[in-house]
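In what follows, a single structure is set out as structure tokens and then discussed.
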Amino acid sequence: MTNYTNFPRYLASKKSVDDRALNQESWNALASVLNTQDDLEILEIGGGIGTMIERLLENDTLEHVHYTLLDEQAENITEARQRLPKWAEEEGFVVSWEDEILHLRKMDKVTKITFLAEDVFDFLARQSTIQKYDLLIAHAFLDLIDIPATLPKLFEILRSSGHFYFTINFDGETIFESAIPYDEEIITRYHQTMDERIIDGKLSGDSHAGRHLFEHLRATGGEILSAGSSDWVVFSHAQNYPADEAYFLHFIINTVHDALLRDGVIAPRHIHDWASERHAQIKSGALVYIAHQLDFFGKIR
Ligand SMILES: C[S@@+](CC[C@H](N)C(=O)[O-])C[C@H]1O[C@@H](n2cnc3c(N)ncnc32)[C@H](O)[C@@H]1O
1 MTNYTNFPRY LASKKSVDDR ALNQESWNAL ASVLNTQDDL EILEIGGGIG
51 TMIERLLEND TLEHVHYTLL DEQAENITEA RQRLPKWAEE EGFVVSWEDE
101 ILHLRKMDKV TKITFLAEDV FDFLARQSTI QKYDLLIAHA FLDLIDIPAT
151 LPKLFEILRS SGHFYFTINF DGETIFESAI PYDEEIITRY HQTMDERIID
201 GKLSGDSHAG RHLFEHLRAT GGEILSAGSS DWVVFSHAQN YPADEAYFLH
251 FIINTVHDAL LRDGVIAPRH IHDWASERHA QIKSGALVYI AHQLDFFGKI
301 R
């Protein structure tokens, strides 16, 4: 059986899915702030291989910024350090490295990127009095952590007029079409594994992070300027999925499969049968996958 466990490839395959999904109003609200400010310090946490930087540059939203890309997995940061210069050259940027900072120049604009392979909690523990940011980005990340405990620490490193852009926050709905045996128990149990995830001895994760963010953001002093859905909708065209989205789907099915095996509640035979049928549906182009998610853009009060 093919191995669907290459995480950097999954993140690359997710880019086109996210491009379609991102909430346009929240994106426009972000873009209007980026377009009117200069010399911004941006921090992206859990930034993976840097596809959000590519997206921002593709849409001409960055002028003169210093962008810090932080992710705990060294493998992702290594991939980002290789991928971004290559991508930028193809897009017509002048690329250079100065003191380990990647400089991407086009016209009279320059984006400087610092790469950090570090756990965000270690980073926050050594940051509070040093560096402040104008914009904090967390994309497909907040639903993995303890949001109410972490948001106050994140807001502390924002400048007084700082903004946040928190996107692709999972919100409790996973849909696979067409229906097959065990769907209901598998999806219900999969969502429960998100709620029961323990990292470093602490409950981390929320299968309804999207809707809960309204309350968490306001309770922490955040003003929501825009919010809306950013559902993933993946389907084939003439039996083929666009870009590398078949890999994206295989990876998702594999993630559900492995989470449920670790969970140990549903019989392994049922989990295997379910996953095999879903992988076969992807190969024939039959699977439709929808995940409900929410995006937020705002500022601290
Ligand atoms: C679902 S991925 C999303 C990555 C990227 N934002 C994207 O959408 O392509 C979540 C990322 O968060 C990172 N991550 C998880 N926990 C982290 C932590 N405590 N500190 C820093 N990064 C973390 C993972 O390594 C992973 O790359």
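The opening position of the sequence shown corresponds to residue 1 in the working numbering, with each subsequent residue numbered one higher. All C-beta atoms in this analysis are idealised placements derived from N, C-alpha and C, irrespective of residue type, glycine included.
The shortest CA-to-CA distance from Ile-53 to any of Ser-26, Ala-117, Ile-137 is the one to Ile-137.
Setting aside the 5 residues that flank it on each side, Ser-207 is surrounded in the same chain by Phe-170, Gly-172, His-191, Met-194, Asp-195, each with a C-beta closer than 7 Å to its C-beta; the list follows chain order. Spatial neighbours of Glu-79 in its own chain (CB-CB distance under 6 Å, excluding positions within 5 residues in sequence) are listed in chain order as Pro-8, Ile-49. DSSP, reduced to helix, strand and coil, places Asp-244 outside both helices and strands of the structure shown, so it counts as coil. In terms of Cβ geometry, Asp-295 and Gly-205 do not form a close pair [threshold 8 Å].
In this structure, Lys-86 has its CB at a distance of at least 7 Å from all heavy atoms of ligand 1.
Short of 7 Å from the beta carbon of Ala-88, and not among the five residues preceding or following it, lie these beta carbons of its own chain, in chain order: Val-95, Leu-104.
Cβ neighbours of Ala-140 within its own chain (closer than 6 Å, five residues either side excluded): Ile-168. Boundaries of the alpha helix (DSSP H) harbouring Asp-183: 183 to 195, taken from the DSSP string. For Lys-14, the Cβ falls inside the 7 Å cut-off from some heavy atom of ligand 1.
DSSP places Arg-211 inside the alpha helix (DSSP H), whose first and last residues are 209 to 219. By the criterion of a C-beta distance shorter than 7 Å, Lys-14 is surrounded in its chain by Phe-248, once the five residues flanking it on both sides are discounted.
Only residues of its own chain outside the window of five on either side were considered, and among them Glu-177, Phe-235 have a CB closer than 6 Å to the CB of Val-288, listed in chain order.
Close CB contacts of His-64 within its chain, under the 7 Å cut and outside five residues either way in sequence, are with Asp-38, Asp-39, Lys-109, Val-110 (chain order). The closest heavy atom of ligand 1 lies 7 Å or more from the beta carbon of Ala-149. Between the alpha carbons of Arg-189 and Leu-260 lies a gap of roughly 7 Å.
Per DSSP, Arg-159 is one residue of the beta strand (DSSP E) stretching across 158 to 177. Nearest to Lys-86 by C-alpha distance, out of Glu-75, Glu-184, Ala-74, Leu-102, is Leu-102.
In this structure, the alpha-carbon of Lys-106 lies about 43 Å from that of Asp-200.
Between ligand 1 and the CB of Gln-239, the shortest heavy atom gap is not smaller than 7 Å. Annotation for Ile-271: the continuous alpha helix (DSSP H) segment containing it runs 268 to 284. Here Ile-198 is exposed: its Cβ has fewer than 16 other Cβ atoms, across all protein chains shown, within 10 Å.
In this structure, the C-beta of Phe-121 approaches ligand 1 to less than 7 Å from one of its heavy atoms. In terms of side-chain proximity, the C-beta atom of His-139 is found nearer than 7 Å to a non-hydrogen atom of ligand 1. Secondary structure note for Gln-293: its beta strand (DSSP E) is the uninterrupted segment 288 to 300. Following the DSSP letters along the chain, one finds Glu-91 in no beta strand (DSSP E), marked with neither H nor E.
About 13 Å separates the beta carbons of Leu-217 and Gly-162, which is beyond the 8 Å limit, so they are not a contact pair.
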